[in-house]
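Right, one structure below, let's go through it.
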Amino acid sequence: MSDPTFPIINLPSAVEIQQAANTSQIEILQTTDDPIGKTVKSLVKISTTPYAHNWYTVWSGDTYDQAGQWTDAEISAAVVALVMAEYPPALTR
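Have a look at this one:
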């Protein structure tokens, strides 16, 4: 009996594969507030070794309106919630 042959699967678009990082600290590098587009986005540094960052849409549409004039503490809490939701509990130890 021969070994099974597994297919090569082409993805619909390229994905970025990053080395695992272990960190207990993140940094908001930049935040943009677009009142016309009703979005607030933050560029967040996740790790320095290896360097990893990502843009997060913090609020948009109705949540943008509900956030109103947000504070640094509110955006920090929202970014933490987004980052923690992105990684499964098994990875956050």
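Using numbering that gives the first Met the number 0, the letters of the sequence shown correspond one by one to residues 0 to 92.
Glycine included, each C-beta is placed from N, C-alpha and C at the ideal position.
When rounded, the separation of the alpha-carbon atoms in residue 35 and residue 5 is 49 Å. In the three-state reduction of the DSSP assignment, residue 2 falls in the coil class. Here residue 50 is exposed. Its C-beta has fewer than 16 other C-beta atoms within 10 Å. Residue ranges of uninterrupted beta strand (DSSP E) with 3 or more members, entirely inside the segment 33-79 and ordered along the chain, are 38-47 and 50-59. Its Cα nearest to that of residue 21, the residue 48 stands out among 67, 78, 44 and 48.
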